[in-house]
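The sequence shown runs 1 to 147 under full-length UniProt numbering.
Encoded as structure tokens, the structure appears first; notes follow it.
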Amino acid sequence: MILDSKLEFSNKQVVSANALSDNVLNMFAGTTPNAKVDLGAGEPVWLVVQLATAAASGTGTLTVTLETADNAQMTGAKVVVSSGEVDVSALQPYQRLCALRLPLDAYRKYLAVRYTVDGSLTNGVVNAFMVKDAHVSHALAAGSAMV
Numbered sequence: 001m002i003l004d005s006k007l008e009f010s011n012k013q014v015v016s017a018n019a020l021s022d023n024v025l026n027m028f029a030g031t032t033p034n035a036k037v038d039l040g041a042g043e044p045v046w047l048v049v050q051l052a053t054a055a056a057s058g059t060g061t062l063t064v065t066l067e068t069a070d071n072a073q074m075t076g077a078k079v080v081v082s083s084g085e086v087d088v089s090a091l092q093p094y095q096r097l098c099a100l101r102l103p104l105d106a107y108r109k110y111l112a113v114r115y116t117v118d119g120s121l122t123n124g125v126v127n128a129f130m131v132k133d134a135h136v137s138h139a140l141a142a143g144s145a146m147v
């Protein structure tokens, strides 16, 4: 899996309450914008969200949504895809929370990831990015033994 920093929404972002990703992507930066952009045309594109730390704890759920809007503040945003509710108490170190294929859709100028916490979340540090290929491998903590 090759990561492009321009397609990164969150890089070790602390999420303990409802939040928008640190980065809001401008899909028309440096180009003359069309009315809409279709990210799902051609080869698939994936949204991957994973824990960036060894520990996350709490109660309740975390829902991750990819949203699109006409403004960088993401007001009036439309949900493109959702992870559904993820049980926070069941999170494992460096776990991938979701890998969601982006659908064929009429995307607006801006894209962001929204984290919705229902309950409590402690040490919730996440990475979120778009990639062409979503690997199914699992990251291990530094110094982990291979069995």
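Every residue gets a Cβ at the ideal spot worked out from N, C-alpha and C, and that includes glycine.
Note: ARG101 is bridge-paired with TRP46 in the DSSP secondary-structure output. Going by C-alpha positions, ALA52 is about 10 Å away from ASN123.
The beta-carbon separation of ALA112 and LEU20, rounded to 5 Å, stays under the 8 Å limit for a contact. GLY119: member of the beta strand (DSSP E) spanning 110-122, first to last residue.
Each of VAL64, LEU104 and ASP118 was checked against the Cα of CYS98, and the nearest Cα belongs to VAL64. For LYS6 and LEU25, the gap between their C-alpha atoms comes out near 8 Å. For ASN11, the uninterrupted beta strand (DSSP E) run begins and ends at 8-14, by DSSP.
In this structure VAL117 is not in contact with LEU66, their Cβ atoms being roughly 17 Å apart against a cut-off of 8 Å. By the Cβ-count criterion, LYS109 is buried, with 16 or more other Cβ atoms from all chains shown falling within 10 Å of its own Cβ.
In the DSSP assignment, ASN127 falls within the unbroken beta strand (DSSP E) covering 125-131. For VAL24, the three-state secondary structure derived from DSSP is coil. One thing to note: SER83 has its Cβ no nearer than 8 Å to the Cβ of GLY58.
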